[in-house]
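A.B. asks:
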Amino acid sequence: MIRTIIESAFQTGCLSVESEGLLHQVLTTKCYQPEDLADLNALYDAVRTGKIKREATSKLLIQLPIV
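My numbering puts the last residue of the sequence shown at 56; the count rises by one with no breaks.
As structure tokens, this is what we get:
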């Protein structure tokens, strides 16, 4: 699921509120694989650099778990 959300964000150039919520749920419930964290890092870097825009109005981006 994480990979699909991230691919969609890179294709559209936007991280939707729904997608961000789903990512938060997956991370909170620890339903991810260690390799997903590299993809999440790429997504967060793209958001920080403006390559991908966020729909959410909050300035808070969900925290990556420390592995």
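We put the CB at the ideal spot given by N, CA and C, even for glycine.
With a threshold of 7 Å on Cβ separation, who are the neighbours of P34 within its own chain once the five nearest residues in sequence on each side are excluded?
C.D. replies: Note on residue identity: the sequence assigns Asp, not Pro, to residue 34. Here the set comprises nothing.
A.B. asks: State buried or exposed for T(-3), treating a residue as buried only when at least 16 other CB atoms are found within 10 Å of its CB.
C.D. replies: First, the amino acid is wrong: residue -3 is Ser here, not Thr. Burial call: exposed.
A.B. asks: Using 9 Å as the limit for Cβ to Cβ distance, is T1 near chain D?
C.D. replies: Of the protein chains in this structure there is only one, and it is not chain D.
A.B. asks: Just how far apart, CA to CA, sit K42 and T17?
C.D. replies: Approximately 23 Å, taken between the alpha carbons.
A.B. asks: Just the C-alpha distance for V56 and C20, rounded to the nearest angstrom, thanks.
C.D. replies: Here the model assigns V56 a pLDDT of 46, short of 50, so the residue's position is not dependable, and the following value carries that caveat. For V56 and C20, the distance between alpha carbons rounds to 14 Å.
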